[in-house]
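The block underneath contains the structure these notes are about, expressed in C-alpha cells.
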Amino acid sequence: MAAEVRLVDLAVIKRYSLAVRQERAPAEEVLEALEDSAAIVIAALEADQSSAGTAE
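To convert a position in the sequence shown, counted from 1, into our numbering, add 1.
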C-alpha cells in the first residue's frame, strides 16, 4: 500500500476547507495538489510584487 495522508491533519485543510470530501488520500496526490496550490500562491505574490514595483 502506498503512503497515505490524513487530509484533516493538514494545516491548509484545517484553516481553509469548508468540507473534506474524504478522510485519506495517497500521499503523492496530496503532494501534487499542494505543489499546484503553492505555485498559484507564489504566482499571486510575484504578481503583487511586480505591480508594487511598477507603482513606485
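Beta carbons are placed, not taken as given, at the ideal position from N, Cα and C, and that holds for glycine.
- For Ala-3, the CB contacts under 6 Å within the same chain, skipping 5 residues up- and downstream, are Pro-27 in chain order.
- The region 44–56 and the region 18–25 do not touch, with fewer than three beta-carbon pairs separated by less than 8 Å.
- The continuous beta strand (DSSP E) containing Val-6 extends over residues 5–7.
- Judged by DSSP in its simplified three-state form, Ala-20 adopts coil rather than helix or strand.
- Within the DSSP bridge table, the entry for Ala-26 names Val-6 as partners.
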